[in-house]
Amino acid sequence: MNTFSSLFVSINTLQQKLAVYSDETLLTPIDGKWSILQHLYHCYFVESGVLAYIKLKTQDPHALEQVHLLTRLRFLFFFIILKLGLIKIKAPKVVQAFPENMNRKDLFERLYKTRKEADLFFADFPQATARKGIFKHKFIGRINKKLSQKFIKLHLVHHLKLCGLKPNSPNLNLFFSSFSF
Numbered sequence: 001m002n003t004f005s006s007l008f009v010s011i012n013t014l015q016q017k018l019a020v021y022s023d024e025t026l027l028t029p030i031d032g033k034w035s036i037l038q039h040l041y042h043c044y045f046v047e048s049g050v051l052a053y054i055k056l057k058t059q060d061p062h063a064l065e066q067v068h069l070l071t072r073l074r075f076l077f078f079f080i081i082l083k084l085g086l087i088k089i090k091a092p093k094v095v096q097a098f099p100e101n102m103n104r105k106d107l108f109e110r111l112y113k114t115r116k117e118a119d120l121f122f123a124d125f126p127q128a129t130a131r132k133g134i135f136k137h138k139f140i141g142r143i144n145k146k147l148s149q150k151f152i153k154l155h156l157v158h159h160l161k162l163c164g165l166k167p168n169s170p171n172l173n174l175f176f177s178s179f180s181f
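Residue numbers (our numbering): 1 to 181.
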């Protein structure tokens with residue numbers, strides 16, 4: 001069964017990637033910026049925040065807007081220029097408020113809980129609502145369920161690459177091949 005989070009890098013894969021690193025290494029800033037754990041906590045905050053926003057906005061499905069072709073093109077353009085390194089985006093403060101005592105166990109527990117909650121929430125999600133703009137991205141605009149999933153996946157993949165944890169799952173090579181509108 002395909003769940004909302006089945007498209008994302010699995011928690012098991014993330015655990016395997018981090019297993020080779022000491023706790024000290026995971027907390028060491030990379031090039032004077034975020035550490036590996038900060039990158040991954042940031043991605044968790046984004047997943048959790050997207051879910052909370054969608055839960056709030058879908059309480060009144062009639063108030064949701066349609067997602068237009070221009071928005072889909074903005075989404076594609078945004079991730080292409082991000083992937084090419086032509087832009088750098090500063091994360092909003094809300095998704096960079098890291099816990100004082102970060103550790104991988106806490107991170108994976110939080111991520112597991114959020115993904116399970118998302119999978120349950122979207123299990124019987126109405127198709128008509130899923131096609132509407134259920135999440136508003138600052139630069140892209142209102143995106144539907146499918147684009148929200150792709151946003152979360154591509155965002156995590158982007159941060160994995162920033163910390164040198166290149167994703168190698170065949171499921172991650174779907175950027176262009178699965179980009180359906």
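Yeah, the Cβ is synthetic: ideal placement off N, Cα and C, and Gly gets one too. Just so it is clear, the structure is predicted and the values come from calculations on it, not from any experiment.
Cβ shell of residue i (< 7 angstroms), same chain only, five flanking positions each side left out
i    : result
S178 : Reliability fails at S178, whose pLDDT of 43 lies under 50, so the model's placement of it is uncertain and the value that follows must be treated cautiously. No residues qualify anywhere along the chain.
L162 : H39
A91  : H42
R78  : Correcting the residue type first, residue 78 is Phe in the shown sequence and not Arg. Cβ neighbours of F78 beyond the five flanking positions: F139, I140.
Cutoff 8 angstroms: residue i Cβ touching any chain B Cβ
i   : result
Q38 : Although the question refers to chain B, the structure presented lacks it and comprises just one protein chain.
8 angstroms CB neighbourhood of residue i in its chain, flanking five on each side removed
i    : result
G49  : V94, V95
I89  : L82, F139
R74  : F139, I140, G141
Y112 : I11
Residues near residue i in its chain [Cβ-Cβ closer than 6 angstroms; skip 5 each side]
i    : result
I54  : I134, F135
A118 : F4, S5, L51
T28  : S35
Three-state secondary structure (DSSP) of residue i
i    : result
A118 : helix
G32  : coil
S5   : helix
F125 : coil
Y21  : coil
R131 : coil
S10  : coil
Beta-carbon proximity check, residue i vs residue j, cutoff 8 angstroms
i    : j    : result
K153 : L18  : no
Y44  : R104 : no
K132 : Q66  : yes
I143 : T71  : yes
H137 : F151 : yes
H155 : V20  : no
For this session: Run through the segment 133-172 for me and flag every whole beta strand (DSSP E) of 3 or more residues, listed as ranges in chain order.
Result: Listed in chain order, they are 135-137, 141-143.
Exercise. What residue ranges within the segment 55-107 form continuous alpha helix (DSSP H) runs of no fewer than 4 residues, ordered along the chain?
Worked result: The qualifying runs are 69-83.
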